[in-house]
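Engineer: Numbering (the numbering used here), first residue to last: 6 to 414.
(1) According to DSSP, is residue 391 part of a helix, a strand, or is it coil?
(2) Helix, strand or coil: which one does DSSP assign to residue 310?
(3) Between 92, 197, 227 and 53, which lies nearest to residue 255 when the distance is taken from Cα to Cα?
(4) In whole angstroms, give me the CA-to-CA distance for residue 219 and residue 313.
(5) How would you write the range of the alpha helix (DSSP H) that residue 39 sits in, first residue to last?
(6) Would residue 78 be called buried (16 or more neighbouring beta carbons within 10 Å of its own) or exposed?
(7) Pull up the distance between the alpha-carbon of residue 252 and that of residue 364, whole angstroms please.
(8) Considering only the beta carbon of each residue, do residue 328 and residue 207 sit closer than 8 Å?
(9) To which residues of the same chain is residue 356 closer than 7 Å at the C-beta, ignoring the five residues directly before and after it?
(10) Do the CB positions of residue 81 and residue 48 come within less than 8 Å of each other?
(11) If we count Cβ pairs, one from each stretch, closer than 8 Å, do we get three or more for the segment 60-72 versus the segment 145-153?
(12) Give the secondary structure of residue 26 by DSSP, where H, G and I count as helix, E and B as strand, and everything else as coil.
(13) As an exercise, report each continuous beta strand (DSSP E) stretch of at least 3 residues that is fully enclosed by the segment 118-174, in chain order.
(14) In the DSSP assignment, find the alpha helix (DSSP H) that holds residue 76 and state where it starts and stops.
(15) Would you kindly work out how many angstroms separate the C-alpha atoms of residue 334 and residue 7, rounded to a whole number?
(16) Where residue 361 and residue 217 are concerned, what is the direct C-alpha to C-alpha distance, given to the nearest angstrom?
(17) I'd like the span of the alpha helix (DSSP H) that includes residue 220, first residue to last.
(18) Tell me which residues share the same chain as residue 324 and place their Cβ nearer than 6 Å to its Cβ, disregarding the 5 neighbours each side in the sequence.
(19) Apart from the five residues just before and just after residue 302, which ones in its own chain have a Cβ nearer than 6 Å to its Cβ?
(20) Would DSSP call residue 88 helix, strand or coil?
(21) Indicate the three-state DSSP secondary structure (helix, strand or coil) for residue 361 in the structure shown.
(22) Give the DSSP-derived three-state secondary structure of residue 108 in the structure shown.
(23) Measure the alpha-carbon distance for residue 26 versus residue 45 and round it to whole angstroms.
(24) If we call anything under 8 Å between Cβ atoms a contact, is residue 195 one with residue 330?
(25) Can you tell me which residues form a DSSP beta bridge with residue 1?
(26) With a 10 Å radius around its C-beta and 16 neighbouring C-beta atoms as the bar for buried, classify residue 406 as buried or exposed.
(27) Give me the residue from 310, 306, 289 and 50 with the minimum Cα distance to residue 4.
(28) Between which two residues does the alpha helix (DSSP H) harbouring residue 55 extend?
(29) Taking DSSP's pairing of strands, which residues face residue 335 in a bridge?
(30) Taking only three categories from DSSP, how would you classify residue 240?
(31) Residues in its own chain within less than 7 Å of residue 39 by CB, not counting five upstream and five downstream?
(32) Which two residues bound the contiguous alpha helix (DSSP H) that contains residue 285?
(33) For residue 157 versus residue 197, is the C-beta spacing smaller than 8 Å?
(34) Consult DSSP for residue 83 and reduce its assignment to one of helix, strand or coil.
See below:
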């Protein structure tokens, strides 16, 4: 069971401007191991920079593994992948499958995590893909997003989780050549690196169906002063909506920032179906129109924050494989809260209030009602589609890896 760990240093990173240089620098200094998971690995200057960094690490003798989603990274050129594999990078696609099968049955259940672990000492976690459109110089269509760099004991937990994901290469969820995993990193615990407490939670379609959502709800229910959420895709379940409403009724300031630009029209219209409920619950709702909002961050009161890959919508909460870092620390809380306030106060945003609701046409109101009820039943209906189960059990694979590690030492 996941638990809080003390002794962490956590740095909040904004966009690729902060994230890419730090991640590339860490990989560039790796001596033993690099583990990388991402939804999108793009063949642009950013993707090529990470390709070169992974190849260089492998050529230095580090164990390098990369797992990317077969749908999100569909356009990654085969020759680019082959180049990494020839250099010793263990590169895999999550559930690529036959094209016709992938596009019809498994499109909903994606590997949406974004994780990098270097030498078992430093981890990066967040919502930023390996693509240039996460940098502010991309232009008006760049994606506003966040990640965290963490050092401390929880890195061991993140690393073990990521290694188990690669161990599942023996199953049907991933494909690509690979060797038996070795453990080049000492089994010694990662020493404390700061004062922050950290909790690493993941979501899957087997044992951790609601872990991230449940922690959100639990903390919102305890909120006393403020709740600040910036989330690109917002259409959570009843329990989380009720928790937000009840917090607002207790006098807690609840601020919700969601995307305004219709990068995903369905997601935008889905969130709009909740506007009546949210506004009538005295929740401050803002649409972000400056750029594409892709972030998944939140801060509550003065000591709790989260950064990760999980949106608050049916895809992240019901289907995708996700990972979030939760932090108890005043400095990290202030940083996340400041990022949300910066977007609300100094960007192109639209406040959704009663006057905005009254200006809606009858057609838009009717569309919202119909879409709302469709989406409420959608996760249950989509649940009839086949789930993805590794052929090998994680516990068995872990035992095999540990036995192999002991033999190698």
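Where a beta carbon is used, it is the ideal one built from N, C-alpha and C, also for glycine.
Owing to the predicted nature of the structure, the values given are computational and were not obtained by experimental measurement.
Structural biologist: This is what the structure holds:
(1) Low confidence applies to residue 391: its pLDDT is 45, below 50, so where it sits in the model is not reliable, and the reading given next is rough at best. If DSSP states are grouped into helix, strand and coil, residue 391 belongs with coil.
(2) strand
(3) 227
(4) 15 Å
(5) Unbroken run through residue 39 is the beta strand (DSSP E), 38-43; no alpha helix (DSSP H).
(6) buried
(7) 27 Å
(8) Result yes, Cβ atoms of residue 328 and residue 207 sit closer than 8 Å.
(9) 291
(10) yes
(11) Using a Cβ-Cβ distance cut-off of 8 Å, the segment 60-72 and the segment 145-153 are not in contact, since fewer than three pairs of beta carbons, one from each stretch, lie closer than that value.
(12) helix
(13) Complete beta strand (DSSP E) runs here, min 3: 120-123, 127-131 and 151-156.
(14) Element bounds for residue 76: n/a, residue is neither H nor E.
(15) 18 Å
(16) 32 Å
(17) 216-227
(18) 113 and 114
(19) 151, 235, 312 and 341
(20) helix
(21) helix
(22) Note that residue 108 scores 48 on pLDDT, short of 50, meaning its location in the model is unreliable; the coordinates nonetheless yield the value given after this. Three-state result, residue 108: helix.
(23) Spanning the two alpha carbons is a distance of roughly 18 Å.
(24) Against a cut-off of 8 Å, the Cβ pair of residue 330 and residue 195 comes out as no contact.
(25) Nothing about residue 1 can be read from this structure; the chain reaches only from 6 to 414.
(26) With a pLDDT of 36 at residue 406, under the threshold of 50, the modelled position of that residue is not reliable, and the figure given next carries that caveat. Buried, because 16 or more other Cβ atoms sit within 10 Å of the Cβ of residue 406.
(27) Since the first residue of the chain shown is 6 and the last is 414, residue 4 is not available in this structure.
(28) 50-64
(29) DSSP lists no beta-bridge partner residue for residue 335.
(30) coil
(31) Take residue 39, set aside five residues on each side of it, and the residues of its chain with a beta-carbon closer than 7 Å to its own are 32, 59, 62, 67, 69 and 123, in chain order.
(32) From DSSP, the alpha helix (DSSP H) with residue 285 extends over 280-285.
(33) Cβ distance < 8 Å, so residue 157 and residue 197 count as in contact.
(34) In the structure shown, residue 83 sits in a helix (DSSP, three-state: H, G or I).
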